[in-house]
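Residue numbers for the sequence shown follow full-length UniProt numbering, so the first one is 1 and each next one is one higher. I have placed the structure first, in the form of structure tokens, so that the comments after it can refer back to it.
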Amino acid sequence: METKYLIITAGSVILIILTVQVLSGLRIIKANPKYHKWGGLIILTLAIIHAIIGASYLLK
Numbered sequence: 001m002e003t004k005y006l007i008i009t010a011g012s013v014i015l016i017i018l019t020v021q022v023l024s025g026l027r028i029i030k031a032n033p034k035y036h037k038w039g040g041l042i043i044l045t046l047a048i049i050h051a052i053i054g055a056s057y058l059l060k
């Protein structure tokens, strides 16, 4: 039981860090639009996957 919440909490912390990275990356869009687009998509995909996994754990 506690392990599930530990995983979700750790995932959420990582997600917050990644979100901050994306937001700080938004300032660099003008310099590297191609690179940022792919980085943003990868992080967005990870965020969606994490949200689905977290929700499925909480619903069990």
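Ideal Cβ placement from N, Cα and C applies to all residues, glycine included. Only a predicted model underlies this, so the values are computations on that prediction, with no experimental measurement involved.
Sequence-distant residues of the same chain with beta carbon closer than 6 Å to residue i, five excluded per side
i	result
I53	none
Contacting residues, own chain, Cβ-Cβ under 7 Å from residue i (five flanking each side not counted)
i	result
H50	G11 and L15
K4	Y57
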